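Enquirer: Position 145 of the sequence shown, counted from 1, bears residue number 419 in my numbering, the numbering being contiguous throughout.
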Amino acid sequence: MGKPRVFGRFIAHNRTRVVLREPESEDLEGLLAFVNELVTEKKEDKNSQLFTGFESRLDRRQESKWLRELLARIRDGGVLCVLAEVDGEIVGNGEIVRGEYAETRHHGRLALTIDETHRGLGIGREMLKALLTEAGRVGLKTVHVEFLSTNKSALRAYRKTGFKKVGTIPKKVYRNGTFVDSLIMARDL
275 MGKPRVFGRF
285 IAHNRTRVVL
295 REPESEDLEG
305 LLAFVNELVT
315 EKKEDKNSQL
325 FTGFESRLDR
335 RQESKWLREL
345 LARIRDGGVL
355 CVLAEVDGEI
365 VGNGEIVRGE
375 YAETRHHGRL
385 ALTIDETHRG
395 LGIGREMLKA
405 LLTEAGRVGL
415 KTVHVEFLST
425 NKSALRAYRK
435 TGFKKVGTIP
445 KKVYRNGTFV
455 DSLIMARDL
């Protein structure tokens with residue numbers, strides 16, 4: 275397989291060099307380490323702002339299956355995906371999943387996660403810009419994102435990039451004995 279498509283390079287707030295690129299099959303070990311780090315964070319940090327998922331560690335077989343399916347969906351145009359890489363380590367994963375029906379093919383659902391040690395460095399903002407640019411390029415017209423109502427940094431980041439709050443799902447998540455609402459924000463491209 276050739277080199278993955280690069281969406282951009284930049285210097286993060288902590289002066290590290292970041293590459294934004296598409297995933298490739300050779301990313302299996304890096305993505306496995308990334309997702310399992312998120313699982314550990316969510317289990318150990320009662321205040322984790324990670325949304326749903328990340329409930330149990332994945333093994334190589336599970337991640338390999340997920341990666342094969344992701345790469346197929348990217349090839350088919352059903353998913354846009356941007357990885358953030360620092361010194362060869364995957365530190366962020368963002369994707370926009372295109373609506374699967376003829377009436378929703380113009381719309382995408384955004385998901386974005388940065389590992390704990392690389393948050394607050396501007397990486398998520400640059401990933402978001404790359405994803406939204408690519409979404410417009412492939413003809414998407416609207417995008418939405420859903421996240422925990424307690425995630426104030428996500429709320430600020432999405433507002434800064436033109437997202438507007440369009441809804442709340444009360445008690446969407448039950449975590450640590452407490453219900454947490456989710457927020458839904460959307461924007462035109």
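For glycine and all other residues, C-beta sits at the position ideal for the given N, C-alpha and C. It should be emphasised that the depicted structure is a prediction, and the values quoted were computed from it without experimental measurement.
Going by beta-carbon coordinates alone, are LYS439 and MET459 separated by less than 7 Å?
Expert: Yes; because the gap between Cβ atoms is below 7 Å, this pair is in contact.
Enquirer: Using three-state DSSP, classify ARG379 as helix, strand or coil.
Expert: Correct three-state label for ARG379: coil.
Enquirer: Considering only the alpha carbon of each residue, which of THR314, SER427, ARG430, ALA409 lies closest to SER383?
Expert: One detail in the question is off: residue 383 reads as Arg in this sequence, not Ser. Selected option, being the one with the closest Cα: ALA409.
Enquirer: Have a look at VAL293, ASP389, GLY436, ALA431 and flag the residue whose alpha-carbon is nearest the alpha-carbon of SER322.
Expert: Ranking the options by Cα distance to SER322, first place goes to ASP389.
Enquirer: Whose C-alpha, out of LYS316, ARG331, SER299, is nearest the C-alpha of ASN310?
Expert: Taking only the C-alpha atoms, the option nearest ASN310 is ARG331.
Enquirer: Identify the residues that DSSP records as bridge partners of LEU357: which are they?
Expert: Paired residue(s): ARG295, ASN367.
Enquirer: If I measure Cβ to Cβ from THR435 and keep anything under 6 Å in the same chain, skipping five residues before and after, which residues do I get?
Expert: Same-chain partners within the cutoff: LEU402.
Enquirer: What does the Cβ neighbour count give for PHE308, buried or exposed, with the cut at 16 atoms within 10 Å?
Expert: Buried is the call here.
Enquirer: Give, in chain order, every unbroken run of the beta strand (DSSP E) that is at least 3 residues long and sits entirely within the region 286-343.
Expert: Within the region 286-343, the complete beta strand (DSSP E) runs of at least 3 residues are 291-295.
Enquirer: In angstroms, rounded to a whole number, what distance separates the CA positions of GLU296 and LEU405?
Expert: In a straight line, the C-alpha of GLU296 is about 11 Å away from that of LEU405.
Enquirer: Within 10 angstroms of its Cβ, does ILE443 collect 16 or more other Cβ (buried), or is it exposed?
Expert: Burial call: exposed.
Enquirer: Closer than 8 Å by C-beta to THR416: which residues in its own chain qualify, once you throw out the five before and the five after it? Chain order, please.
Expert: HIS380, HIS381, GLY382, ALA460, ARG461, ASP462, LEU463.
Enquirer: In the DSSP output, which residue or residues are listed as bridge partners for TYR432?
Expert: Bridge partners of TYR432: none, in fact.
Enquirer: Over the uninterrupted alpha helix (DSSP H) stretch that includes LYS445, give me the two end residues.
Expert: Counting along the chain, LYS445 falls outside any alpha helix (DSSP H), though it belongs to the beta strand (DSSP E) covering 438-449.
Enquirer: In the DSSP assignment, find the alpha helix (DSSP H) that holds THR407 and state where it starts and stops.
Expert: That run of the alpha helix (DSSP H) goes 397-411.
Enquirer: Under 8 Å, with one C-beta from each stretch per pair, do the region 390-397 and the region 276-296 reach the 3-pair mark?
Expert: Yes, the region 390-397 is in contact with the region 276-296.
Enquirer: Can you say whether GLY366 is buried or exposed, counting buried as having 16 or more other CB atoms within 10 angstroms of its CB?
Expert: Buried, because 16 or more other Cβ atoms sit within 10 Å of the Cβ of GLY366.
Enquirer: LYS316 and LEU305 - do their beta-carbons sit closer together than 7 Å?
Expert: Not a contact, by the Cβ cut-off of 7 Å.
Enquirer: Using a 10 Å radius around the Cβ and a threshold of 16 neighbouring Cβ atoms, would you call ALA376 buried or exposed?
Expert: Flag for ALA376 reads exposed.
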